[in-house]
Amino acid sequence: MLPALIAIVRREMLLALRRRSDAMTSLFFFVVVVSLFPLGIGPEPDVLRRIGPGVLWVAALLSTLLGLHRLFADDYADGTLEQLALSPTPFSWLVSGKILAHWTVTGLPLVLHGGSGIKRDNVLAAIKRGIAKVNIGTEIRQAYEQAWRATGSIAKAQDTCYERTCWVIRDYFGIAGDRAQLMG
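Using the working numbering, read the sequence shown as starting at 70 and increasing by one per residue.
The following block contains the structure:
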């Protein structure tokens, strides 16, 4: 049973690599929802801090649903689903493999969305394994807020935000300017 499960996960992952736009659509939807949400309720930091985690989870769950319709549709259309149902492997194992692959493609890239605070080596390893986005926004937002509170100047806060972003990319992660550093 386990070899069949592994084969299904591998097959689905290969198919997903051929349709990268599905995973990117999920990521794009997530980013749009999370970015537009503060525009709808206002920029109050206390409110956003209180509801932010819930918004992130709802956006992540909704974004994984975007590719759900294709989970079985293509297999149904070409007859693969019938062949899977007729195989000696329990159908629940095969469906579990498809679900695992779907989550890996659409959900896993969103798991590291809140990347601030994760160890540097773990983030770099995740990037090499295909994580498409790691959000360092908390790190940058905190630098912005501290500078704004200390100086009262939005321009100074923006400069601090830029400096912190450069530091995270160039000095902390050491990934500035070279795709080969990220992809190995």
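Glycine included, every Cβ here is placed at the ideal spot set by N, Cα and C.
Proximity below 8 Å, CB of residue i to CB of residue j
i	j	result
Phe99	Ala128	yes
Gly166	Thr133	no
Thr158	Ala73	yes
Cys230	Ala212	yes
Glu214	Val237	no
Phe242	Arg189	yes
Buried versus exposed call for residue i [16 or more other C-beta atoms within 10 Å across all chains shown]
i	result
Gly111	exposed
Ser95	buried
Ala92	buried
Arg239	exposed
Asp144	buried
Presumed contact (8 Å Cβ cut-off) between residue i and residue j, rounded CB distance
i	j	result
Val102	Leu131	7 Å
Met82	Ala170	5 Å
Host alpha helix (DSSP H) of residue i (start-end)
i	result
His171	160-175
Val237	Unbroken run through Val237: none, as it is neither H nor E.
Ser132	114-134
Residue nearest to residue i in terms of C-alpha spacing, selected from the options
i	options	result
Ser104	Tyr241, Ala142, Trp162, Val124	Val124
Ile77	Arg89, Phe106, Phe160, Pro107	Phe160
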